[in-house]
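Visitor: Could you have a look at this structure, given as structure tokens, before my questions?
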Amino acid sequence: MATHTVIPESSVRFDEFLDAHLEQEMLRFTTAGSVDDGKSTLIGRLLHDTKSVYEDQLAAVAKSRVNRASGGHVDFSLLTDGLKAEREQGITIDVAYRYFSTSKRKFIIADTPGHEQYTRNMATGASTADVAIVLIDAKAYLKQGSLLPQSRRHTYIASLLGIPHVVAAVNKMDLVGYSQETFAAIRSEFLELARRLGLKNVEAIPVSALEGDNVVTSSKATPWYSGPTLLEYLETVPLGAGEVNGPVRFPVQLVLRPDANFRGFAGQVARGTLRAGERVIALPSRRETTVKRIVTYDGDLDAAAYPQSVTVELEDEIDLSRGEMLVSASDASDALPQISRHFRAMVVWMHEDPLVVGRTYVAKHTTRTVRATVRAIRHRVDVGTLEEVSANQLEMNEIAEVEFETSLPLFFDSYADNRGTGALILIDGVTNATVGAGMIVAAMETSADAATRTVLVWVPEQKPLAARVVEALQLRGERAVLVDDALIPDAALAGAVRALQLAGVIAVTARSLDVDALARIEGFAEDGVLLGEGRDADEILRLAGVSE
45 MATHTVIPES SVRFDEFLDA HLEQEMLRFT TAGSVDDGKS TLIGRLLHDT
95 KSVYEDQLAA VAKSRVNRAS GGHVDFSLLT DGLKAEREQG ITIDVAYRYF
145 STSKRKFIIA DTPGHEQYTR NMATGASTAD VAIVLIDAKA YLKQGSLLPQ
195 SRRHTYIASL LGIPHVVAAV NKMDLVGYSQ ETFAAIRSEF LELARRLGLK
245 NVEAIPVSAL EGDNVVTSSK ATPWYSGPTL LEYLETVPLG AGEVNGPVRF
295 PVQLVLRPDA NFRGFAGQVA RGTLRAGERV IALPSRRETT VKRIVTYDGD
345 LDAAAYPQSV TVELEDEIDL SRGEMLVSAS DASDALPQIS RHFRAMVVWM
395 HEDPLVVGRT YVAKHTTRTV RATVRAIRHR VDVGTLEEVS ANQLEMNEIA
445 EVEFETSLPL FFDSYADNRG TGALILIDGV TNATVGAGMI VAAMETSADA
495 ATRTVLVWVP EQKPLAARVV EALQLRGERA VLVDDALIPD AALAGAVRAL
545 QLAGVIAVTA RSLDVDALAR IEGFAEDGVL LGEGRDADEI LRLAGVSE
């Protein structure tokens, strides 16, 4: 006899609920503001009013011996300020991440510190944000008569990090009598600042985190305001169109070859939509091929868009490995990324030891890891006044535009065009500590002479001059070494110079080289051999790029 399994209707509805929840978009947003602007209180209010706080958490906050809220209000800042030092001082020190969801979206909040000494923390928390909420204290604005320097700094950092949407939450409106004139003045000045910084998608909302006005529900105290509440804004702001619609960028993370019949390239789509049957170009070889399959654990896909992680099988057997990239073969002007070893980037420095010109760091860009040498600091940004000032080094929490030269070419877009392929991190090669975050501005234009890198400087029988050349190159920021060590025989000199070339180091020698040895070196150095024979010291230094 046949049997029938009856699935309870409640189970079906629950499964539908779970599926709908999993398919919701995720919005990441960060908050920034000055001391006592109310960042943590605003987030606590947002969590509380969206029913995202457990009762025991709320009870523990209500019983806390630390309570800076007046008038019998619960101090909602304690929901996010978890460190003991934060609760004692009433400030945010580290980045606090919180999660909540509504019927329309899921949210990840990065509550970042506002102090200038914690700029690196703010940059870390805001680096992946879709929206930046800049809190502005309405009462402090009236006292100052203009936006505080901290508010300008936070807005500048939001623009620097390329956050697509910025909203000014004008807080503490209850302390200024919900004045429309005060809000209008703040809004006007903020929009002007945003225009100067190149921010395109900007909003201003009057709120009171303490009273809950215009945070989740509209306030009757601001009848003159007809815009969205903060939550409505977060639920409806558009996400990620540029990353999905742009030209394809697929950095290769891993080559998969389980057997002789399959060779796939695994990675995450960093930009655009990759489709089966599409023509793509492999970098750096520039070989053109076709996407044969897009493979996932759950089966093949017709297309994969940012930020999906997939494995790509190509029609042709081409040489492609980790750190290289598949890009669109379209004729569009932006189909190919910029390809260069020389570029300039805005750097947020995160380490106690300063960044100095001439030092070499490890740079991680998409899936490629290279050595990056600091060639120059173009200017440092005074984050208080936004002025550009000269600098010889970069201290912790400072921001500057820096010129780099890498050991291998990078495939990048400007950070303003695409955050995924325009960002890099700098790592100390000795301690393995992350020391800086970089946002690439553009490739550096190099002259024909600069494009041919010096491999060997040969000054026969002039040991003092050879030592002087090494010292001058090192002072300029180049990596140079004298190869006149007795343990390197003449027969092995070509091999030593080749090894130094691959490592990005200039070899200098005062040896007497025979014709065969010089021919072997010129065979791989192309025009990179500087012959000092018959030239004076000043001319040699000039040709080596040390002096004008």
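Heads up: the sequence shown begins at 45 in this note's numbering, then just goes up one per residue.
Glycine residues also receive a C-beta, built at the ideal position from the N, C-alpha and C atoms.
This one's a predicted model, so the numbers in the text were calculated from it and none came from an experiment.
Who does Ile338 pair with in a DSSP beta bridge?
Guide: Along the sequence shown, one-based indexing puts residue 338 at 294. Looking at the DSSP assignment, Ile338 forms a beta bridge with Leu345, Val356.
Visitor: Which class does Tyr405 belong to by DSSP, given the choice of helix, strand or coil?
Guide: Counting from 1 along the sequence shown, the entry for residue 405 is found at position 361. Correct three-state label for Tyr405: strand.
Visitor: On the CB-based measure, 16 or more other CB atoms within 10 Å of its CB, does Ala547 come out buried or exposed?
Guide: As a first step, residue 547 is located in the sequence shown; it is residue number 503 there, counting from the start. Classification of Ala547: exposed, given that the 10 Å Cβ count is below 16.
Visitor: Please name the residue, chosen from Thr404, Gly82, Asp155, Asp534, that lies closest to Thr74 on a Cα-to-Cα basis.
Guide: In the sequence shown, the residue the question calls residue 74 occupies position 30. Closest option to Thr74, Cα to Cα, is Asp155.
Visitor: Looking only at its chain, what residues have a beta carbon closer than 7 angstroms to the beta carbon of Glu368, apart from the 5 residues adjacent to it on each side?
Guide: For the purposes of this step, residue 368 is taken as residue 324 along the sequence shown, with counting starting at 1. Same-chain partners within the cutoff: Val296, Ala326, Leu327, Pro328.
Visitor: Considering only their Cβ atoms, is the gap separating Leu275 from Leu90 smaller than 8 angstroms?
Guide: Here residue 90 refers to the residue found at position 46 when the sequence shown is read from its first residue. Here residue 275 refers to the residue found at position 231 when the sequence shown is read from its first residue. Closer than 8 angstroms, so yes.
Visitor: Measuring CA to CA, which of Arg301, Leu587, Leu235, Asn258 is closest to Asp218?
Guide: Position 174 of the sequence shown holds residue 218. When only C-alpha atoms are compared, the closest one is Asn258.
Visitor: Helix, strand or coil for Glu442? Go by DSSP, reduced to three states.
Guide: Residue numbering aside, residue 442 sits at position 398 when the sequence shown is read from its first letter. The answer is coil: DSSP assigns Glu442 none of H, G, I, E or B.
Visitor: If you compare alpha carbons, which of Gln224, Asn441, Leu192, Lys95 is closest to Asp397?
Guide: Locating residue 397 in the sequence shown gives position 353, where the first residue counts as 1. Of the listed residues, the one whose Cα sits closest to Asp397 is Asn441.
Visitor: For Ala538, which of helix, strand or coil comes out of DSSP?
Guide: By 1-based counting over the sequence shown, the position of residue 538 is 494. Correct three-state label for Ala538: helix.
Visitor: Does the distance from the C-beta atom of Leu318 to that of Thr85 stay below 8 angstroms?
Guide: Locating residue 318 in the sequence shown gives position 274, where the first residue counts as 1. Locating residue 85 in the sequence shown gives position 41, where the first residue counts as 1. No, the Cβ-Cβ distance between Leu318 and Thr85 is not below 8 angstroms.
Visitor: Report the option in His395, Gly343, Val292, Met394 whose CA atom is closest to the CA atom of Ala376.
Guide: One-based indexing of the sequence shown puts residue 376 at position 332. Looking at the Cα atoms, Val292 is the closest of the given residues.
Visitor: Among the candidates Ala563, Ala516, Gln518, Glu522, whose CA atom is the shortest distance from the CA of Leu537?
Guide: By one-based count along the sequence shown, residue 537 stands at place 493. Measuring from the Cα of Leu537, the nearest candidate turns out to be Ala563.
Visitor: Kindly indicate the opening and closing residues of the beta strand (DSSP E) around Thr417.
Guide: As a first step, residue 417 must be located in the sequence shown, where it is residue number 373. Taken as a continuous stretch (DSSP letters only), the beta strand (DSSP E) holding Thr417 covers 412 to 425.
Visitor: Using a Cβ distance threshold of 8 angstroms, determine whether the region 438 to 458 contacts the region 412 to 426, with at least three qualifying pairs required.
Guide: Flag = yes, the region 438 to 458 and the region 412 to 426 touch.
Visitor: Leaving out five residues before and five after Ala581 in sequence, what residues of the same chain have Cβ atoms less than 6 angstroms from its Cβ?
Guide: Position 537 of the sequence shown, counted from the start, is the residue given in the question as residue 581. Closer than 6 angstroms at the Cβ level, and outside the excluded window around Ala581, lie Leu509.
Visitor: Should Tyr189 be labelled buried (16 or more other beta-carbon atoms within 10 Å of its own) or exposed?
Guide: Locating residue 189 in the sequence shown gives position 145, counting from the first residue. Note that residue 189 is Gly in the sequence shown here, rather than Tyr. With fewer than 16 Cβ atoms within 10 Å of its Cβ, Gly189 is classed as exposed.
Visitor: Quick one: is Tyr269 buried, meaning 16 or more other Cβ sit within 10 Å of its Cβ, or exposed?
Guide: Translated into positions along the sequence shown, residue 269 becomes position 225. With 16 or more Cβ atoms within 10 Å of its Cβ, Tyr269 is classed as buried.
Visitor: Short of 7 angstroms in beta carbon distance, which residues of its chain neighbour Ile532, apart from the five on each side in sequence? Order them along the chain.
Guide: The sequence position of residue 532 within the sequence shown is 488, counting from 1. Around Ile532: Ala540.
Visitor: Starting from Arg331, follow its DSSP beta bridges and name the residues at the other end.
Guide: Taking the sequence shown and counting its residues from 1, one reaches residue 331 at position 287. Looking at the DSSP assignment, Arg331 forms a beta bridge with Ala326.
Visitor: Between which two residues does the alpha helix (DSSP H) harbouring Asp560 extend?
Guide: Here residue 560 corresponds to residue number 516 of the sequence shown, with the count starting at 1. Its alpha helix (DSSP H) spans residues 559 to 569.
Visitor: Taking 8 angstroms as the threshold (C-beta atoms), are Met483 and Ala389 in contact?
Guide: Counting from one through the sequence shown, the residue named residue 389 turns up at place 345. Counting from one through the sequence shown, the residue named residue 483 turns up at place 439. Yes.
Visitor: Pairs of beta-carbons, one from the region 198 to 215 and one from the region 398 to 408, closer than 8 angstroms: are there three or more?
Guide: With the cut-off at 8 angstroms, the region 198 to 215 and the region 398 to 408 do not touch.
Visitor: By the three-class DSSP mapping on this structure, what secondary structure does Val97 have?
Guide: Position 53 of the sequence shown, counted from the first residue, corresponds to residue 97. Coil.
Visitor: Which same chain residues, not among the five before or five after Lys148, have their C-beta less than 6 angstroms away from its C-beta?
Guide: To locate residue 148, count along the sequence shown from 1; it is residue 104. Closer than 6 angstroms at Cβ, skipping near neighbours: Glu279.
Visitor: Beta-carbon separation of Glu233 and Leu191 under 8 angstroms?
Guide: Residue mapping note: residue 233 aligns to position 189 of the sequence shown, counting from 1. Residue mapping note: residue 191 aligns to position 147 of the sequence shown, counting from 1. Yes; because the gap between Cβ atoms is below 8 angstroms, this pair is in contact.
Visitor: For the region 327 to 343 against the region 351 to 362, do three or more pairs of beta-carbon atoms, one drawn from each stretch, fall closer than 8 angstroms, so that the two count as touching?
Guide: The answer is yes - the region 351 to 362 touches the region 327 to 343, with three or more Cβ pairs under 8 angstroms.
Visitor: Could you please give the first and the last residue of the uninterrupted alpha helix (DSSP H) stretch that includes Glu225?
Guide: For this step, residue 225 is matched to residue 181 along the sequence shown. Note, Glu225: alpha helix (DSSP H), 224 to 241.
Visitor: If I measure Cβ to Cβ from Asp493 and keep anything under 6 angstroms in the same chain, skipping five residues before and after, which residues do I get?
Guide: If you number the sequence shown from 1, residue 493 lands on position 449. Low confidence applies here, because Asp493 scores a pLDDT of 39, under 50, leaving its location unreliable and the question unanswered by this model.
Visitor: Alpha carbon to alpha carbon, how far is His395 from Ser372? Give it in angstroms, no decimals.
Guide: Taking the first residue of the sequence shown as position 1, residue 372 is located at position 328. Taking the first residue of the sequence shown as position 1, residue 395 is located at position 351. Roughly 37 angstroms between the two C-alpha positions.
Visitor: Runs of 4 residues minimum, wholly inside the region 448 to 480: which ones carry the alpha helix (DSSP H) assignment?
Guide: Complete alpha helix (DSSP H) runs here, min 4: 463 to 466.
Visitor: Between Val433 and the rest of its own chain, which residues show a CB-CB distance below 7 angstroms, the 5 nearest in sequence each way excluded?
Guide: To locate residue 433, count along the sequence shown from 1; it is residue 389. Excluding positions up to five away in sequence, the list reads His423, Arg424, Asp426.
Visitor: What did DSSP end up calling Met488 once you bin it into helix, strand or coil?
Guide: What you label residue 488 is simply residue 444 of the sequence shown in a count that begins at 1. In the structure shown, Met488 sits in coil (DSSP, three-state: anything other than H, G, I, E or B).
Visitor: Are Ile383 and Phe309 closer than 8 angstroms when you measure CB to CB?
Guide: The residue you call residue 383 lines up with position 339 of the sequence shown. The residue you call residue 309 lines up with position 265 of the sequence shown. The answer is no: Cβ separation not under 8 angstroms.
Visitor: For Asn215, which beta-bridge partners are listed by DSSP?
Guide: Counted from its first residue, the sequence shown places residue 215 at position 171. Asn215 is bridged to Asp181.
Visitor: Suppose the cutoff is 8 angstroms on Cβ atoms and the five residues either side in sequence are ignored; what does the same chain contact list for Gln68 look like?
Guide: As a first step, residue 68 is located in the sequence shown; it is residue number 24 there, counting from the start. Hits under 8 angstroms: Ser145, Lys148, Arg149, Lys150.
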